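Residue numbers (my numbering): 116 to 200.
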């Protein structure tokens, strides 16, 4: 499903969350532990950014994929365009 389709349903406000991949020396488990606790909010979609420096793209893709497959929630890779050409 596309995020636009969630808005097109016209079922009132949507709940979205945004997560940031942890620094390379931190485990991805920190993100998923947090998402486990936030599931009670029943978000319509979750945005995953990779930060202004662009050094975490691989982790962004992994997190976004797991959000969709493990939690059944639409995910959105929020790409920051700072420092890119």
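Where a beta carbon is used, it is the ideal one built from N, C-alpha and C, also for glycine. Here the structure is a predicted model, which means the values were calculated and not measured.
Query: Buried/exposed call for residue 141, threshold 16 Cβ in 10 Å; Result: exposed
Query: Length of the line joining the Cα atoms of residue 191 and residue 121; Result: 12 Å
Query: Residue 163: first and last residue of the uninterrupted beta strand (DSSP E) it sits in; Result: 160-164
Query: Alpha carbon of residue 119 to alpha carbon of residue 125, nearest angstrom; Result: 11 Å
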